[in-house]
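Chains as they are written, first to last, in my numbering: chain A, 48 to 187; chain B, 48 to 187.
Remarks on the structure that follows.
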DNA sequence: AAACTAGTTGCAAAGAGTTGCACAAACCAT
DNA sequence: ATGGTTTGTGCAACTCTTTGCAACTAGTTT
Ligand SMILES: [Mn+2]
Ligand SMILES: [Mn+2]
Ligand SMILES: [Zn+2]
Ligand SMILES: [Zn+2]
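Written out as structure tokens, the structure reads:
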């Protein structure tokens, strides 16, 4: 796993410290197959290190987002979900009626991204978006 | 104002009741010039009717959203903002570095909307979106 | 006008996420 | 190794929003 090494160096390069808590949180995120929540990460880490606090999980996720190592998305469940950035970018269409989720390739938003960059010089962060609306069935 | 009448009928048609609380909350939203928050609506209504509860405000906003009478947006302040749907749709580019907000016309997302409809038969709700990223200055 | 019924409200408690602060620990320099 | 500097952590309190429940009331029927 030279991924871990990348992360370690990315942290120390920028003056962040490599703490046991951060390493455990990172491996919890990598071990999760799919989108994880802060609570799930907390539970997994707490199994081995009960002293950990949930606010440390939130603060670490904040940091990993800033470093571009995890992406976050709100699928409308009342809680945010995360996954490793290196597992490929994609988006989700979420039906507000029946809850169906359609997965979308990153490319669907690439023309929007470049339009915003050209017209507004705005560099939009369009990784891992959730777009709400109605699926075919629920559109009546 | 036959707008009010529209709302009254929109409520009763679907079996919802027209309560004093709902009327006060509605007029509080209409009286606000710009994006309002639940707390601001609550404060305004409570000035005349101190018995009102903030959860009623949240529930009413939920209902008005469902009826398409207000739109909601999260500008990243840790609280959601609302405004009347009939005040025109638009979007916002929010710089996560400096907080600058650029207003966007509705049309910027219309080609995305039709692409999602064609390719996925998904009717996306793209009213009043906030797109995060970095403005020119903060893009270095 | 009185009763009925289903939607609505207030209240209290809970959930998700954030923040200030004092103490702890990682990293760097000696 | 030792000490100092600065970042990070645990904890508790707090903010925003949601939810279960019992009491209430708008709109309808008799
Ligand atoms: Mn995803
Ligand atoms: Mn707006
Ligand atoms: Zn659906
Ligand atoms: Zn900026």
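Beta carbons: idealized from backbone N, C-alpha and C, even for Gly.
Treat the numbers as computed from the prediction; the structure is a model and nothing was measured.
Check your understanding: Is any beta-carbon of chain A found at less than 8 Å from that of residue 122(B)?
Key -> Here residue 122(B) corresponds to residue number 75 of the second chain, with the count starting at 1. Chain A contact via Cβ: absent.
**Study point:** Touch test, the stretch 139–150 of chain A against the stretch 53–69 of chain B, Cβ-Cβ under 8 Å, three pairs minimum
**Key:** The stretch 139–150 of chain A, when compared against the stretch 53–69 of chain B, does not touch it at the 8 Å Cβ threshold.
Exercise for review: Examine the Cβ distances between the stretch 123–131 of chain A and the stretch 158–174 of chain A and report whether three or more of them are shorter than 8 Å.
Suggested key: The stretch 123–131 of chain A, when compared against the stretch 158–174 of chain A, does not touch it at the 8 Å Cβ threshold.
Exercise for review: Report the residues of the stretch 98–117 of chain A with a CB closer than 7 Å to any CB of chain B, ordered along the chain.
Suggested key: Residues: none.
Review point. Cβ of residue 215(B) within 8 Å of Cβ of residue 128(B)?
Key: Nothing can be reported for residue 215(B): it is not among the residues displayed for chain B, which extend from 48 to 187.
**Study point:** Classification of residue 178(B) by the beta-carbon crowding that lies within 10 angstroms, buried from 16 upward
**Key:** Numbered from its first residue, the second chain carries residue 178(B) at position 131. Classification of residue 178(B): buried, given that the 10 Å Cβ count is 16 or more.
Check your understanding: Going along chain A in order, which residues have a C-beta closer than 9 Å to the C-beta of residue 172(B)?
Key -> Numbered from 1 along the second chain, position 125 holds the residue referred to as residue 172(B). For residue 172(B), the chain A residues whose Cβ falls inside 9 Å of its Cβ are 143, 178, 179, 180, 181, in order along the chain.
Review point. My guess is that residue 180(A) and residue 170(B) are in contact by the Cβ rule of under 8 Å, so how many angstroms apart are they, rounded?
Key: In the first chain, the residue the question calls residue 180(A) occupies position 133. In the second chain, the residue the question calls residue 170(B) occupies position 123. With 8 Å as the limit, residue 180(A) and residue 170(B) qualify as a contact, their Cβ atoms being about 5 Å apart.
**Study point:** 3-residue-minimum beta strand (DSSP E) runs that sit fully inside the stretch 93–181 of chain A, ordered along the chain
**Key:** Positions of the beta strand (DSSP E) runs, each at least 3 residues long and wholly inside the stretch 93–181 of chain A, are given as 117–120, 128–131, 137–142, 148–152, 177–181 in order along the chain.
Review point. Closest Cβ-Cβ distance between residue 161(A) and chain B: below 8 Å?
Key: To locate residue 161(A), count along the first chain from 1; it is residue 114. At a cut-off of 8 Å between beta carbons, residue 161(A) makes no contact with chain B.
Practice item. For residue 94(B), count neighbouring Cβ atoms within 10 angstroms of its own Cβ and tell me buried if that reaches 16, exposed if not. Key: Position 47 of the second chain holds residue 94(B). So residue 94(B) counts as exposed.
**Study point:** Cβ neighbour criterion (16 or more within 10 Å) applied to residue 130(B)
**Key:** Translated into the one-based positions of the second chain, residue 130(B) becomes position 83. Counting Cβ neighbours within 10 Å, residue 130(B) comes out buried, since at least 16 surround it.
Point to revise | Nearest-angstrom Cβ-Cβ length linking residue 71(A) and residue 92(A), presumed shorter than 8 Å | key: Start at 1 with the first residue of the first chain, and residue 71(A) comes out as number 24. Start at 1 with the first residue of the first chain, and residue 92(A) comes out as number 45. Indeed they touch by this definition, with Cβ atoms about 5 Å apart.
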